[in-house]
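Since the structure comes first, as structure tokens, the remarks are kept for the end.
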Amino acid sequence: MPLARALVQIVVALACLAAAGCETAFAPPPPRAAEERAVVEGEPVAEVGSDELAVGATARPPRELWLGADMVIQRVEPEVARAEVGEAVQQLVADARFCTPMPTVWLAASERNGRFVVRFDLMRRDWGADVAASAQSRMEDMVAMGFLTRRDVSEVGIGAVEYTLTREGRLYLRGAIDSGQRPAFCAPAERRVVEITAMEWGQFPCGTLRVRFTHTADAWPAWATTASSRQRLEQTWPPLGENGYGEVSLSRQWFRVASLPRGARNGALVSACLDDDRERVIANDLNLSAPPPY
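Okay, structure coming up:
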């Protein structure tokens, strides 16, 4: 290398060190949009860490972020703090939903602006009185739980009822009223983690750290105001105050700073079930009805 060129590079390097440090001075330029991609299971690079990116004390951003990846799923380090694992599992449990499916009903017309009319009279005529009565009872349960309001519309037909989605109903509805499939109201389960009972490292469907834990509920969920809704909860999990068993697998999820979703923490422990192309996180594998340990 010519001496003059070498001297120029040394001067530039020293100037960069004085201004911002070697890592910033020699960091590669940000990738072009066509080069953006997700990388799974990146290896950690300790020297890249910063207060903005770090989550736990043992978390280290992977080098793939500097090589152009938008998102990286990273193995959980063996020295991860148990407290950080507990916090991540508690967040997943706090976000868990309990789904109550709507019954099959006879719609007078397609749902519009959150309103739909059910023809219980035609259900009694064609499907039988027992089927109609059971469906009407379940719909009244959903009114009592705050998901719907009701109004008799005898001008449509004797026994016809118009239901309207409430604010909570719109928030918790999964699926469409007139899709031909059974929609459901998926409301917060309102459970909490009691104890992390086991941690196992390996390769699992949605993570590299499998966590087993116990969980409980101190009170009924705010929406569970009817006897039937509480009965369904008791059929799913132990009674109030008693512990159930759960499990979930975790990995670390990192984003390039420009791609970090609003409200997300970079390097957080998440349950990351990926799509078939292994590019997007589409679900988690939280199981609140896990079998008890042997």
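When the letters of the sequence shown are read in order and numbered with our numbering, they come out as residues 6 to 299.
Built from N, CA and C at the ideal position, the CB exists for glycine as well.
Figure out for me which residue from G249, A64, A93, L70 has the closest Cα to the Cα of R215. A93
List the endpoints of the continuous beta strand (DSSP E) containing G249. 249-260
To the nearest angstrom, how far is it from the Cα of P193 to the Cα of A99? 8 Å
Taking the Cβ atom as the reference point for each residue, do A2 and C278 lie within a distance shorter than 9 Å? The chain is shown only over 6 to 299; residue 2 falls outside these bounds and no answer can be derived.
Please classify L238: is it buried, with 16 or more other beta-carbons within 10 angstroms of its beta-carbon, or exposed? buried
Please classify V110: does DSSP put it in a helix, a strand, or coil? coil
Is DSSP giving T219 helix, strand or coil here? strand
Does DSSP classify F152 as helix, strand or coil? coil
Local conformation of G174 per DSSP, three classes: helix
Hey, would you say A138 sits closer than 9 Å to R124, going by beta carbons? no
The beta strand (DSSP E) that contains T202, what's its start and end? 197-209
Of the residues L245, S276, G251, the one placed nearest W259, counting alpha carbons only: S276
For L176, does the count of other Cβ atoms within 10 angstroms reach 16, so buried, or fall short, so exposed? exposed
If you draw a straight line from the C-alpha of M150 to the C-alpha of G133, how long is it? 26 Å
What residues match up with N292 in a beta bridge as DSSP calls it? E252
For P106, which option in S233, V199, P243 has the closest C-alpha, if you only look at C-alpha atoms? S233
Just how far apart, CA to CA, sit M204 and Y299? 15 Å
For the beta strand (DSSP E) that V275 lies in, which residues bound it at each end? 273-275
Counting C-beta neighbours from all protein chains within 10 Å, is the total for T213 16 or more, i.e. buried, or is it exposed? buried
Excluding sequence positions up to five away, which residues of its chain have a Cβ less than 8 Å from the Cβ of A165? A113, V122, V123, R124, F125, D126, D157, V158, S159
In terms of alpha-carbon separation, which member of G119, G272, D131, A222 lies closest to V77? G272
Other residues of its chain near L97: CB distance less than 7 Å, five sequence neighbours each side excluded: V253, S276, N289, L291
Beta-carbon spacing of V198, G91 below 9 Å: yes
Limits of the unbroken alpha helix (DSSP H) element including D331: There is no way to answer for residue 331, as the model of the chain reaches only from 6 to 299.
What residues in its chain sit with their C-beta under 7 Å from that of A32, if we drop five residues either side in the sequence? Confidence is the limiting factor: at A32 the pLDDT is only 31, short of 50, which leaves the residue's position unreliable, though a coordinate-based value still follows. So the list reads W71, once near-sequence residues are dropped.
Which same chain residues, not among the five before or five after E200, have their C-beta less than 6 Å away from its C-beta? T219
Taking the alpha-carbon positions, what's the L153 to A181 distance? 14 Å
Can you have a look at S256 and say buried or exposed, based on whether 16 or more other CB atoms are within 10 angstroms of its CB? buried
Just how far apart, CA to CA, sit W228 and R187? 20 Å
In whole angstroms, give me the CA-to-CA distance for G251 and V110. 35 Å
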